[in-house]
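Take 0 as the starting number for the sequence shown in numbering that gives the first Met the number 0 and just add one per residue. A virtual CB, placed ideally from N, CA and C, is assigned to each residue, including glycine. Note that the coordinates shown come from a computational prediction; the quantities given were computed from them, not determined experimentally. Report on the following structure.
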Amino acid sequence: MEEETPMSTATADEVSIEFLEAFGDAWNQHDVERLMTFMADQCVFETTAGAEIGGKRYDGREAVKKAFARVFQIFPDAHFGNAVHFVSGNRGLSEWIFTGTASDGKRLEVKGCDVFTFESGKISHKDSFFKNRKT
């Protein structure tokens, strides 16, 4: 099966704002397979929380894929809205407001961002952050 390419106007070695918009669309469609088309072969995802200083770290495509899928298991209605994207060289940033309802019924609405590192037109590192709201 041929791998789907990300919907992007970026050349092989650069990433555009449209690339990050398409990545965000894949998140809002809960399409893990499409999300992985944006990720480099050697990729890392650092979550917003975890025992490590940078949050829980997932190394490699399979680990990252499972972590992305887990977001949708925890928040079946996960949505990233009001997105604003920035790209400069091999770095990028997406700001967003995350909304979702956990299986226990708790609703989450929080402002956050992803900091990206790109290699060969793909995301090699996705580091996620969000505000710690008192609810």
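Proximity to Asp-58 [Cα-Cα], best of Phe-129, Lys-130, Lys-133, Lys-125
Lys-125
For a minimum of 3 consecutive residues, which ranges assigned as the beta strand (DSSP E) are wholly contained in the region 73-104?
78-87, 90-100
Same chain, Cβ closer than 7 Å to Phe-129, five either side skipped, listed in chain order:
Thr-47, Phe-97, Val-109, Lys-110, Gly-111
Give me the residue from Val-86, Ser-102, Glu-94 with the minimum Cα distance to Glu-118.
Val-86
Would the region 18-38 and the region 86-95 be scored as touching if the rule is three or more Cβ pairs under 8 Å?
yes
Take His-29 and list the residues in its own chain whose beta-carbon comes closer than 6 Å to its own, dropping the five residues that flank it on each side.
Cβ neighbours of His-29 beyond the five flanking positions: Phe-71.
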